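Undergrad: These protein sequence lines are chains A and B, in that order.
By the working numbering, the letter at position 269 of the first sequence is numbered 314, and the numbering carries on one by one without gaps.
By the working numbering, the letter at position 78 of the second sequence is numbered 123, and the numbering carries on one by one without gaps.
All residues carry an ideal CB built from backbone N, CA and C; glycine is no exception.
Values in this document were obtained by computation on a predicted structure and should not be read as measured data.
Please see the structure below; I have some questions.
Protein chains: 2
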Amino acid sequence: MSEKRKIRIALDAMGGDFAPLNEVQGAKLAYNLKKDAIDLEIILVGDEAKINNAIANTPDFNINYRIVHTTEVVTMEDDASAAIKKKKDSSLAVGVNLHKNGEAEAFCSAGNTGAVMSTGTILLGRINGVSRPTIGSFFPTSKDLPCLVVDVGANVDCKPRFLYEFAVMGSIYYSQIYNIKNPTIGLLNVGEEESKGNVAAYEANELLRNSNLNFIGNVEGRDILLGNSDIVICDGFIGNIVLKFAESVFSFLKIKFKAFADKGILNKLMMGIFQPILKNIFKDFDYQKYGGLPLLGVNGVVIIGHGKSTPVAIQNMILKAIEVVELDVNKKIEIALNS
Amino acid sequence: MSEKRKIRIALDAMGGDFAPLNEVQGAKLAYNLKKDAIDLEIILVGDEAKINNAIANTPDFNINYRIVHTTEVVTMEDDASAAIKKKKDSSLAVGVNLHKNGEAEAFCSAGNTGAVMSTGTILLGRINGVSRPTIGSFFPTSKDLPCLVVDVGANVDCKPRFLYEFAVMGSIYYSQIYNIKNPTIGLLNVGEEESKGNVAAYEANELLRNSNLNFIGNVEGRDILLGNSDIVICDGFIGNIVLKFAESVFSFLKIKFKAFADKGILNKLMMGIFQPILKNIFKDFDYQKYGGLPLLGVNGVVIIGHGKSTPVAIQNMILKAIEVVELDVNKKIEIALNS
């Protein structure tokens with residue numbers, strides 16, 4: 046029997062809106078799922094008393110863990126770039142440093158996205174050749190595989206070169222996760238013609254055309270859900286707006302369906318039958334499924350979760366971290382951007 | 046009995062993908078709906094033989110109309126800004142000129158959006174105080190009234206001043222159409238804080254804050270469908286991408302529901318029952334309902350329809366033109382931007 050690989054995940058236990066309880070429960074779920082395959086240790090970073098209290102409220106918490114005590118918490122209200130200077134003993138900064146110092150193979154947090162990104166970038170540094178680390182998000186499509194949209198909020202003002210680098214990083218990440226050799230890449234624009242759009246999009250189109258990526262040209266807003274390219278590149282301003290718009294579609298439909306159900310007993314019955322089907326179709330829109338988004342381009346593995354993460358979402362964030370550690374994405378990005 | 050108001054609508058009979066048949070049939074539908082309320086004349090602008098052929102294929106075509114013959118057609122492939130120079134006898138240019146010369150109170154076209162916008166702006170000129178004419182689009186919301194997103198593709202690179210003017214024009218248009226005094230205005234961004242987003246958004250926020258518009262601050266992608274502000278302001282690059290993304294949601298769901306139905310006879314039966322409900326809920330996403338979008342900011346009434354317009358969509362485009370003529374939106378925009 047071959048020895049199991051040891052993987053240590055530093056988890057920001059104070060990150061999400063329901064921390065540390067959901068973090069502790071998610072750690073348990075992830076551990077139980079992976080304990081047979083790998084030698085997993087989860088490092089819970091945060092207020093020791095609160096974490097122990099959460100553990101006491103989590104039945105059957107029999108996992109391989111340790112607690113690293115910290116005294117400060119970066120909140121959603123904290124300024125992203127100032128967080129690292131103002132709160133040196135935050136669960137975020139300490140957790141990233143555990144990873145940096147080789148005490149953990151990855152770091153995960155469902156906390157302030159901007160602060161995780163900024164702290165991760167400052168402490169770990171960028172991969173050689175990367176101008177701006179980025180965050181991509183998976184969108185469901187009407188085809189088999191999801192569409193990876195990069196960037197979804199990390200960089201609001203983007204030079205054409207940044208967009209090109211997002212494409213390189215997205216391509217490597219997608220090809221590793223889905224085992225596809227040359228995923229197709231589209232550049233989000235207002236029309237298919239090269240001449241369309243704003244200045245940055247025009248110049249980025251030229252960079253992508255002349256690269257060895259599998260670039261299919263400009264794509265439009267409709268091409269994301271229809272799965273017309275595996276990866277869609279855009280700046281973080283538009284990517285974030287489209288992501289939040291997409292997340293609101295299910296809420297919108299729920300309100301509409303409820304109004305329909307409230308119109309009569311027959312309607313209510315029909316909606317009762319239909320609800321599970323709808324839920325099933327919309328599960329692909331659920332951030333929980335993907336658990337967390339990797340911060341691509343930093344010298345390390347940092348996974349960012351949703352602030353409202355449930356225990357299952359925390360579990361999936363940890364699983365994502367393990368997956369990225371095993372795939373060794375960073376080395377491939379460095380080679381691609383420096384060859 | 047008071048005399049009915051005479052309104053003449055110049056209709057680009059060669060505009061849409063199914064022209065001139067859908068245009069002729071839509072004209073008939075609109076005429077029959079409005080003939081008791083107003084003295085309506087529809088001017089069909091385009092190839093006379095083709096129009097007469099479409100009329101011959103339209104039963105009971107008993108409407109008050111005339112044909113203005115033209116020899117050229119601006120296609121979807123034509124360069125928007127060059128169309129007016131290259132095709133002087135197009136149904137588009139001749140139709141806009143009929144409106145300009147006082148032979149029609151409004152012009153409608155389901156043709157090349159960019160060309161309609163560019164030809165309309167060049168021939169009619171801008172309202173005093175308007176830097177860039179704009180196109181807004183209504184999105185359904187989970188509340189009672191739709192959300193007007195301005196701009197949805199007319200202007201891809203926007204100065205903060207343009208965004209402010211979009212807000213003024215959108216506010217007047219919305220208040221007239223829905224009879225609301227001070228509709229709420231949100232600025233599309235990646236966060237609610239004033240400091241968020243790109244440079245243009247930051248400066249536009251300041252302009253809007255210091256205006257007498259009912260500005261509620263930055264809004265995010267999710268706020269559109271949830272109806273958290275009556276109007277959402279953004280540049281045409283992002284507005285167009287969000288519009289096309291939204292239009293694709295129904296196509297995406299249809300494919301997903303079909304896959305569900307194909308899994309078995311019981312599934313098929315359930316989907317059969319549910320289909321009409323879904324259609325009903327998604328009718329608000331249907332461009333046909335709104336028929337056409339006004340080109341706001343030009344000295345005249347120009348309504349732009351969807352290329353794939355059905356006869357009902359053409360009907361609604363004509364009804365929208367009549368509505369805008371009756372509301373006298375332009376005078377109110379001029380006063381607001383010059384006081």
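Which residues mark the beginning and the end of the alpha helix (DSSP H) in which L340 (chain B) is found?
TA: Stepping through the second sequence from its first residue, residue 340 (chain B) is reached at position 295. Element bounds for L340 (chain B): not the alpha helix (DSSP H) but the beta strand (DSSP E), 337–341.
Undergrad: On the premise that P205 (chain A) lies in contact with L252 (chain A), defined as a C-beta separation below 8 Å, what is that separation, rounded to the nearest angstrom?
TA: Translated into positions along the first sequence, residue 252 (chain A) becomes position 207. Translated into positions along the first sequence, residue 205 (chain A) becomes position 160. The pair is a contact, with the Cβ atoms about 6 Å apart (cut-off 8 Å).
Undergrad: Kindly indicate which residue of B:E237, B:I283, B:A306 has the alpha-carbon position closest to the one of V201 (chain B).
TA: The residue you call residue 201 (chain B) lines up with position 156 of the second sequence. Closest by alpha carbon: B:I283.
Undergrad: Does the separation of the CB atoms of G156 (chain A) and G60 (chain A) fall below 8 Å?
TA: If you number the first sequence from 1, residue 156 (chain A) lands on position 111. If you number the first sequence from 1, residue 60 (chain A) lands on position 15. Cβ atoms of G156 (chain A) and G60 (chain A): closer than 8 Å.
Undergrad: For H114 (chain A), which residues does DSSP report across the bridge?
TA: One-based indexing of the first sequence puts residue 114 (chain A) at position 69. DSSP output for H114 (chain A) lists A:G91 as bridge partner(s).
Undergrad: Measure the beta-carbon distance from V194 (chain B) to L232 (chain B) and round it to whole angstroms, keeping in mind my assumption that it falls under 8 Å.
TA: On the second sequence, residue 194 (chain B) is found 149 positions in, with the first residue counted as 1. On the second sequence, residue 232 (chain B) is found 187 positions in, with the first residue counted as 1. The pair is not a contact, with the Cβ atoms about 12 Å apart (cut-off 8 Å).
Undergrad: So, G91 (chain A) versus S163 (chain A), is the Cβ gap smaller than 8 Å?
TA: Counting from one through the first sequence, the residue named residue 91 (chain A) turns up at place 46. Counting from one through the first sequence, the residue named residue 163 (chain A) turns up at place 118. In this structure, S163 (chain A) does not lie closer than 8 Å to G91 (chain A) by Cβ.
Undergrad: Secondary structure at N383 (chain B), three-state DSSP: helix, strand or coil?
TA: Locating residue 383 (chain B) in the second sequence gives position 338, counting from the first residue. Correct three-state label for N383 (chain B): coil.
Undergrad: So L288 (chain A) and G266 (chain B) are in contact, right, with Cβ under 8 Å, and what is the actual spacing, rounded?
TA: On the first sequence, residue 288 (chain A) is found 243 positions in, with the first residue counted as 1. On the second sequence, residue 266 (chain B) is found 221 positions in, with the first residue counted as 1. So it is a contact: roughly 7 Å between Cβ atoms.
Undergrad: For D268 (chain A), does the three-state DSSP call read helix, strand or coil?
TA: One-based indexing of the first sequence puts residue 268 (chain A) at position 223. Three-state result, D268 (chain A): helix.
Undergrad: Check the DSSP bridge columns for I322 (chain A) and list the partner residues they point to.
TA: The sequence position of residue 322 (chain A) within the first sequence is 277, counting from 1. DSSP lists no partner for I322 (chain A).
Undergrad: Would you call Y223 (chain B) buried or exposed, if buried means 16 or more other Cβ atoms sit within 10 Å of its Cβ?
TA: Locating residue 223 (chain B) in the second sequence gives position 178, counting from the first residue. Under this definition Y223 (chain B) is an exposed residue.
Undergrad: Rounded to a whole number of angstroms, what is the C-alpha to C-alpha distance between A199 (chain B) and R171 (chain B)?
TA: As a first step, residue 199 (chain B) must be located in the second sequence, where it is residue number 154. As a first step, residue 171 (chain B) must be located in the second sequence, where it is residue number 126. One C-alpha to the other measures close to 14 Å.
Undergrad: How about V213 (chain A): is its Cβ closer than 7 Å to a heavy atom in the ligand GTP?
TA: The ligand GTP is absent from the structure shown, which contains no ligand whatsoever.
Undergrad: Please identify, using Cβ separations under 9 Å, the residues of the segment 243–270 of chain B that lie next to chain A, in order along the chain.
TA: Correct list: N243, V244, A246, E265, G266, R267, D268, I269, L270.
Undergrad: When DSSP labels each residue in this structure, what does T186 (chain A) get in the three-state scheme?
TA: Against the first sequence, residue 186 (chain A) aligns to sequence position 141. DSSP places T186 (chain A) in coil when its eight states are reduced to three.
Undergrad: Thinking just about the alpha-carbon of each residue, which of B:D57, B:N107, B:L311, B:L338 is nearest to the one in E93 (chain B)?
TA: Here residue 93 (chain B) refers to the residue found at position 48 when the second sequence is read from its first residue. Per the Cα distances, B:D57.
Undergrad: Have a look at B:P228, B:P339, B:K334 and flag the residue whose alpha-carbon is nearest the alpha-carbon of A358 (chain B).
TA: Your numbering for residue 358 (chain B) matches position 313 in the second sequence. The residue with the shortest Cα to Cα distance from A358 (chain B) is B:K334.
Undergrad: Does any CB atom of chain A fall closer than 8 Å to the CB of D196 (chain B)?
TA: Counting from one through the second sequence, the residue named residue 196 (chain B) turns up at place 151. No, D196 (chain B) does not count as interfacial toward chain A.
Undergrad: If we define contact as Cβ-Cβ less than 8 Å, is N285 (chain A) a contact residue for chain B?
TA: Your numbering for residue 285 (chain A) matches position 240 in the first sequence. Chain B, which has a Cβ nearer than 8 Å to the Cβ of N285 (chain A), makes this yes.
Undergrad: I180 (chain A) by DSSP, collapsed to three states: which one?
TA: Start at 1 with the first residue of the first sequence, and residue 180 (chain A) comes out as number 135. I180 (chain A): strand per DSSP, three-state reduction.
Undergrad: For F207 (chain B), which residues does DSSP report across the bridge?
TA: Position 162 of the second sequence, counting from 1, holds the residue named residue 207 (chain B). BP columns for F207 (chain B) are empty, so no partner.
Undergrad: Per the DSSP calculation, N107 (chain B) is bridged to which residue(s)?
TA: Residue numbering aside, residue 107 (chain B) sits at position 62 when the second sequence is read from its first letter. Bridge partners of N107 (chain B): none, in fact.
Undergrad: Enumerate in chain order the residues of its own chain whose CB-to-CB distance from I112 (chain B) is below 6 Å, with the five nearest sequence positions on each side excluded.
TA: The count along the second sequence starts at 1 and reaches residue 112 (chain B) at position 67. Closer than 6 Å at the Cβ level, and outside the excluded window around I112 (chain B), lie L89, E93, I96.
Undergrad: So, with DSSP's three-state summary, where would you put L258 (chain A)?
TA: The residue labelled residue 258 (chain A) in the question sits at position 213 within the first sequence. The answer is coil: DSSP assigns L258 (chain A) none of H, G, I, E or B.
Undergrad: Take the Cβ of M121 (chain B) as the centre, count every other Cβ of all protein chains shown within 10 Å, and call the residue buried at 16 or more, exposed below.
TA: Taking the second sequence and counting its residues from 1, one reaches residue 121 (chain B) at position 76. When all chains shown are included, M121 (chain B) counts as exposed.
Undergrad: Relative to the alpha-carbon of K345 (chain B), which residue among B:A212, B:V374, B:L85, B:N243 has its alpha-carbon at the smallest distance?
TA: Within the second sequence, residue 345 (chain B) is the residue found at index 300, counting from 1. The question names Lys, but residue 345 (chain B) is Gly in the sequence shown. It is B:V374.
Undergrad: Short check: CB of D196 (chain A) to CB of D275 (chain A), under 8 Å?
TA: Indexing the first sequence from 1 puts residue 196 (chain A) at position 151. Indexing the first sequence from 1 puts residue 275 (chain A) at position 230. Contact flag unset, no.
Undergrad: With C153 (chain B) and G350 (chain B) assumed to form a contact (beta carbons below 8 Å), what rounded beta-carbon distance in angstroms separates them?
TA: As a first step, residue 153 (chain B) is located in the second sequence; it is residue number 108 there, counting from the start. As a first step, residue 350 (chain B) is located in the second sequence; it is residue number 305 there, counting from the start. Right, their Cβ atoms sit about 7 Å apart.
Undergrad: Quick one: which chain A residues come within Cβ less than 8 Å of E237 (chain B)?
TA: Looking up residue 237 (chain B) in the second sequence gives position 192. None at all; the shortest Cβ gap to chain A is about 11 Å.
Undergrad: Can you look up N263 (chain A) in the DSSP assignment and give me helix, strand or coil?
TA: Your numbering for residue 263 (chain A) matches position 218 in the first sequence. In the structure shown, N263 (chain A) sits in a strand (DSSP, three-state: E or B).
Undergrad: So is E292 (chain A) in contact with chain B if we call contact Cβ pairs under 8 Å?
TA: To locate residue 292 (chain A), count along the first sequence from 1; it is residue 247. Taking Cβ atoms only, chain B reaches closer than 8 Å to E292 (chain A), which makes this a yes.
Undergrad: Interface residues of chain B around M315 (chain A) at Cβ under 8 Å?
TA: The sequence position of residue 315 (chain A) within the first sequence is 270, counting from 1. Simply I318, F319, I322.
Undergrad: First and last residue of the beta strand (DSSP E) that includes K51 (chain B)?
TA: By 1-based counting over the second sequence, the position of residue 51 (chain B) is 6. K51 (chain B) -> beta strand (DSSP E) spans 51–57.
Undergrad: Would you call the segment 364–373 of chain B and the segment 47–55 of chain B touching, i.e. three or more CB-CB distances under 8 Å?
TA: Result yes; three or more Cβ-Cβ pairs closer than 8 Å.
Undergrad: Tell me the DSSP secondary structure of V201 (chain A) in three-state form.
TA: Numbered from 1 along the first sequence, position 156 holds the residue referred to as residue 201 (chain A). Reduced to three states, the DSSP call for V201 (chain A) is coil.
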